[in-house]
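Per UniProt numbering, residue 1 is the first one in the sequence shown, and the count goes up by one each step.
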Amino acid sequence: MKASAIAAAIFAAAVIIIGLSSVYTVDETQQALVIQFGDVKSQEREPGLHFKLPFIQNVVYIDKRVLNLTSARQVGGEGGQVIITSDQKRLVVDAFARYRIVDALKFYQSVRDMRQASDKLQPIFLSNLRNVLGEATLEALVRDERAELMQRIEEKFNVAAQEFGVEVVDVRIRQADLPTENSEAIYRRMRTEREREAAEFRAQGQETAQRVRSRADRDVTVLLAEAQRDAERIRGEGDAERNRTFAQAFGQDPDFFAFYRSMQAYRDGLKGDSTTLILSPDSDFFRYFKDEDGQVSR
Numbered sequence: 001m002k003a004s005a006i007a008a009a010i011f012a013a014a015v016i017i018i019g020l021s022s023v024y025t026v027d028e029t030q031q032a033l034v035i036q037f038g039d040v041k042s043q044e045r046e047p048g049l050h051f052k053l054p055f056i057q058n059v060v061y062i063d064k065r066v067l068n069l070t071s072a073r074q075v076g077g078e079g080g081q082v083i084i085t086s087d088q089k090r091l092v093v094d095a096f097a098r099y100r101i102v103d104a105l106k107f108y109q110s111v112r113d114m115r116q117a118s119d120k121l122q123p124i125f126l127s128n129l130r131n132v133l134g135e136a137t138l139e140a141l142v143r144d145e146r147a148e149l150m151q152r153i154e155e156k157f158n159v160a161a162q163e164f165g166v167e168v169v170d171v172r173i174r175q176a177d178l179p180t181e182n183s184e185a186i187y188r189r190m191r192t193e194r195e196r197e198a199a200e201f202r203a204q205g206q207e208t209a210q211r212v213r214s215r216a217d218r219d220v221t222v223l224l225a226e227a228q229r230d231a232e233r234i235r236g237e238g239d240a241e242r243n244r245t246f247a248q249a250f251g252q253d254p255d256f257f258a259f260y261r262s263m264q265a266y267r268d269g270l271k272g273d274s275t276t277l278i279l280s281p282d283s284d285f286f287r288y289f290k291d292e293d294g295q296v297s298r
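Written out as structure tokens, the structure reads:
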């Protein structure tokens, strides 16, 4: 009785152990490879409960989430990679790549695990980073073509990463800085260049302004001369018309014309309160004071 109970317990334990060794679960963030004597027998990507042969088959889990790969290394006491641009500028670049494992079988056969994957993928990433950025100028990297450069790095890195069953989904440059020992000198040079450009722009602006002012002064002089010429012409025409009118009036009634002109002379000559005229009593100027016909009374 006692031996039978022990045997039953051993059998039950063996069944439980075999049962537990025959099943495995796959999480939503994982994919699994079933390995038998070093060879891959099956691949499971769907989450849930799955079965395998007990004891002789093992399960290797491979992450199927998007993973990060960074370029950061301590180089000369600074984080990131030292890049020499095409215009011979030295930059410290901090970048990262995001990738996912799309072919678990190829990944396992080529790199086995995540640590070896990182050791193999990072040098490829850094090589493409240096090659692409080394062909660009400093200005293109920090201002104009940064997005295009990241796209080129991603494309080149993705081609190489496919050998490991990996797909590169994104490459980003987090930071691109001048080395500490060079930054101040470069900033001073850039400031000097900007100040020189600003001085050139100001000089061009002053030259343009002077040209505009000179043209405006010339136009004003021409307009004033034309206006004065027109005024003189109109004044001359008016004087001529007046003289013609006087001549016609004189021809029609000489006595009245002489009287009218004398009245105008009296008005203009005697309009002031302190006007004094010293004339001879026989002067023709006062002839109408003496007689309405302009004759001297006796």
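Every residue, glycine too, gets a C-beta built ideally from N, C-alpha and C.
For residue i, I'd like the list of residues in its chain whose CB is within less than 6 Å of its CB, leaving aside the five on either flank, ordered along the chain.
i	result
Thr25	Leu49
Thr29	Arg65
Tyr260	none
Ile124	Ala160
Lys89	Leu138
Would you please state the rounded distance, in angstroms, between the beta carbons of residue i and residue j? I believe it to be under 8 Å.
i	j	result
Ser22	Lys52	6 Å
Phe164	Ala104	The pair is not a contact, with the Cβ atoms about 11 Å apart (cut-off 8 Å).
Ile35	Asn58	5 Å
Gln162	Leu126	That belief does not hold up - the Cβ atoms of Gln162 and Leu126 are roughly 18 Å apart, past 8 Å.
Pro54	Ile18	5 Å
For residue i, I'd like the list of residues in its chain whose CB is within less than 8 Å of its CB, leaving aside the five on either flank, ordered along the chain.
i	result
Glu78	No answer about Glu78 holds up, because its pLDDT of 48 lies below 50 and its placement is not dependable.
Arg233	none
Asp170	Ala97, Arg98 and Glu154
Ser4	none
Ala12	none
Phe37	Ile56
Ala185	none
When the Cα of residue i is compared with those of the options, which residue comes out closest?
i	options	result
Ser110	Ser127, Ala160, Leu69 and Asp87	Ala160
Ile153	Arg174, Val166, Asn131 and Glu167	Asn131
Asn68	Val60, Ala97 and Pro54	Ala97
Thr70	Phe107, Val60 and Lys120	Lys120
Asp113	Val82, Val60, Val102 and Lys156	Val60
Val102	Ser127, Arg115 and Ile62	Ile62
Asn128	Ile18, Glu226, Asp177 and Val168	Val168
Gln175	Val166, Gly205, Arg143 and Glu193	Arg143
Asp39	Tyr108, Asp230 and Ile16	Tyr108
Can you pull the DSSP bridge partners for residue i?
i	result
Ile153	Paired residue(s): none; Ile153 is not in a bridge.
Arg244	Paired residue(s): none; Arg244 is not in a bridge.
Val92	Val82 and Asp177
Arg98	Asn68 and Asp170
Val34	Ser42 and Val59
Thr25	Leu49
With a CB to CB cut of under 7 Å and the five nearest residues on each side skipped, what residues in its chain are close to residue i?
i	result
Ile173	Val93, Ala95, Arg146 and Met150
Thr85	Leu91, Leu133, Gly134, Ala136, Thr137, Leu138 and Leu141
Glu44	Val26, Gln31, Ala32 and His50
Asp268	none
Indicate whether at least one CB of chain D lies closer than 7 Å to the CB of residue i.
i	result
Ser86	Absence of chain D from the displayed structure is noted, only one protein chain being present.
Inter-stretch contact at 8 Å, needing at least 3 Cβ pairs: the region 202–214 / the region 126–144: no
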